[in-house]
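Protein chains in written order, with the working numbering: chain A, 1 to 216; chain B, 1001 to 1216.
Don't be surprised by glycine CBs; every beta carbon is placed ideally from N, CA and C.
Worksheet for the structure shown next.
Number of protein chains: 2
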Amino acid sequence: MSDYEVTPQTKIKRLPKRAVYDRQQIYGILDEALLCHVGFVQDDQPFVIPTIHARIGNTIFVHGSAASRMLRSLEGGISACVTVTLLDGLVLARSTFHHSMNYRSAVILGTLKLVSDSEKKREVLDTIVEHVIPGRSAEARGPNEQELKATSVLSMDINEASAKIRTGPPGDEEEDYSLPVWAGVIPLSLEPGTAEADDRLVDGVKEPDYVTEYHR
Amino acid sequence: MSDYEVTPQTKIKRLPKRAVYDRQQIYGILDEALLCHVGFVQDDQPFVIPTIHARIGNTIFVHGSAASRMLRSLEGGISACVTVTLLDGLVLARSTFHHSMNYRSAVILGTLKLVSDSEKKREVLDTIVEHVIPGRSAEARGPNEQELKATSVLSMDINEASAKIRTGPPGDEEEDYSLPVWAGVIPLSLEPGTAEADDRLVDGVKEPDYVTEYHR
């Protein structure tokens, strides 16, 4: 069974034909995205913080700025939502009503828990680096004990998840197809520019292939 | 006074040197981003939903899928957080600890309220289309009464807001600068591909300049 169970909270009510509960497709969205948005509540105020994530098996990990505000209210886990969105294109219909975007988004509901085990933290931080730039973790200096301590890592098991995907051309009202209005899709993708080497590189250090050939 | 007041909820605690409260800079981030992530709470569960937004003056408007789940718990407004994130590059430091991203993010805390006035809704929907593709709203067929009714628009006044911005090269530990490890920045940007015309265009309809020359 490779689908996540549809719960009242993950059931997609608007445009359900775009709903996806398939595990592999949800993993694919999580793995392609460079960042996620973490939602949590503090004193009745919802917060949404962008941060970097990575997936290991059926668990998603986040670290960084999301942790600092959350950690103040974290005692044995905090109810949260991790959302990832990939924008694939702008959809121009003949009517403004049917304008849309092509996108792939995944929403995970669950409990974020603090990872305290040093070895696990080390594995997660390596995985996060590899998630962003495959090949990098073998070259950069890994975290020392002090850096490991200073880094907060949170985990969420992926048990309640859904995705929403839109692809393809606009869908117009039948009577609008006779309008002399251009319609179609402008594809969008996150593209790397030319890498900018740091001013203080050691002589002879070359740009690695994983930088030159970086793509998402 | 062009800065937003720093409140306990918007005070940036982690890496405060990246904090920005300047109104024009926050507007700039909101206006460049094609989508936002809206956070809200329902039955103690936080949700984060991606959706399209637009700003008019000091108010941000959202519509679409975010509305449908939220509207069920919307009675005179719902406490929410609207977050927008622009990813500008990957920052490769000599240590994994100092790896980072160049980004610009804005977080707005407030109350989302339903916009019910038809004329205001029409203005907002036009503005959303213009926000995504300047020039488009004058060409596409605008919403009829039924479409207007079927579209939910929510507004949030921007009174409590902060931004976080990182730019520039990696910042390594002094002793790491002697490591023979490549370091620098891989710039990233959202780039349009070649527009894909819909199969059913009326004969003679040309691709508009705002499509051919689309950029963010």
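| request: Taking only beta-carbon positions, decide if K120 (chain A) is within less than 9 angstroms of chain B. | output: no
| Interfacial residues, the region 44-55 of chain A to chain B, with Cβ spacing under 8 angstroms | D44, Q45, P46, F47, V48, I49, P50 and I52
| said: Any beta carbon from chain A within less than 9 angstroms of S941 (chain B)'s own beta carbon? | reply: Residue 941 (chain B) cannot be examined here, being either before or after the span of chain B that is shown, 1001 to 1216.
| request: Measure the Cβ-Cβ separation of M1156 (chain B) and V132 (chain A) and say whether it is below 9 angstroms. | output: no
| request: Check the Cβ-Cβ distances between G1193 (chain B) and every residue of chain A, and say whether any is below 9 angstroms. | output: yes
| request: Would you tell me roughly how many angstroms separate the C-alpha atoms of T1083 (chain B) and N1144 (chain B), rounded to the nearest one? | output: 31 angstroms
| query | The beta strand (DSSP E) with Y27 (chain A) in it runs from where to where? | reply | Element bounds for Y27 (chain A): not the beta strand (DSSP E) but the alpha helix (DSSP H), R23 to E32.
| With a cut-off of 9 angstroms, does the C-beta of L1125 (chain B) fall near any C-beta of chain A? | yes
| Partner residues on chain B for G184 (chain A), Cβ-Cβ distance less than 7 angstroms | A1195, E1196, A1197 and D1198
| field | DSSP three-state assignment for H131 (chain A), whether helix, strand or coil | value | helix
| request: Less than 8 angstroms between the CB atoms is what I'm expecting for V48 (chain A) and H63 (chain A), so what's the real figure, rounded? | output: Not really, about 17 angstroms apart at Cβ, beyond 8 angstroms.
| Bridge partners - P1046 (chain B), DSSP secondary structure assignment | B:V1041
| task | Using beta-carbon positions only, say whether E5 (chain A) and I1186 (chain B) come within less than 9 angstroms of one another. | result | no
| query | For the candidate residues A:T127, A:I29, A:P46 and A:E139, whose alpha-carbon lies nearest to that of I108 (chain A)? | reply | A:I29
| said: What are the residues in the region 94-114 of chain A lying within 8 angstroms of chain B by C-beta distance? | reply: R94, S95, T96, F97, H99, M101, Y103, S105, V107 and L109
| query | Per DSSP, what kind of secondary structure is A150 (chain A) in: helix, strand or coil? | reply | helix
| field | Element boundaries [alpha helix (DSSP H), containing T1212 (chain B)] | value | D1209 to T1212
| message | Does any residue of chain C have a CB that is nearer than 9 angstroms to the CB of I1133 (chain B)? | response | Absence of chain C from the displayed structure is noted, the protein chains being A and B.
| said: So, with DSSP's three-state summary, where would you put E1119 (chain B)? | reply: helix
| query | Residue range of the beta strand (DSSP E) that T1111 (chain B) falls in? | reply | S1100 to L1114
| With burial defined as no fewer than 16 other Cβ atoms inside 10 Å of the residue's Cβ, what is the status of R1094 (chain B): buried or exposed? | buried
| query | Looking only at C-alpha atoms, which of A:W182, A:L188, A:Y210 and A:A183 sits nearest to T194 (chain A)? | reply | A:Y210
| request: Check the Cβ-Cβ distances between D176 (chain A) and every residue of chain B, and say whether any is below 9 angstroms. | output: yes
| task | Could you check which residue in A:S189, A:E32 and A:R104 has the C-alpha nearest to that of R1216 (chain B)? | result | A:S189
| said: For a test of the three-state rule: what should DSSP assign to E145 (chain A), helix, strand or coil? | reply: helix
| Enclosing beta strand (DSSP E) for S189 (chain A) [first to last residue] | G184 to P192
| query | Name the chain A residues whose beta carbon is nearer than 7 angstroms to that of R1166 (chain B)? | reply | What R1166 (chain B) touches in chain A: nothing, since even the nearest Cβ is about 10 angstroms away.
| said: Any beta carbon from chain A within less than 9 angstroms of L1218 (chain B)'s own beta carbon? | reply: Nothing about residue 1218 (chain B) can be read from this structure; chain B reaches only from 1001 to 1216.
| query | From what residue to what residue does the beta strand (DSSP E) around R55 (chain A) run? | reply | H53 to I56
| said: Counting beta carbon pairs with one atom in the region 1162-1176 of chain B and one in the region 1005-1023 of chain B, are three or more of them shorter than 8 angstroms? | reply: yes
| said: Relative to the C-alpha of N58 (chain A), which candidate in A:Q25, A:T51, A:L86 and A:Q45 has its C-alpha closest? | reply: A:Q25
| task | Could you tell me whether the Cβ atoms of L1125 (chain B) and G1142 (chain B) are closer together than 9 angstroms? | result | yes
| said: What would DSSP say about R226 (chain A), mapped onto helix, strand or coil? | reply: Outside the displayed span of chain A (1 to 216) sits residue 226 (chain A), for which this structure offers no information.
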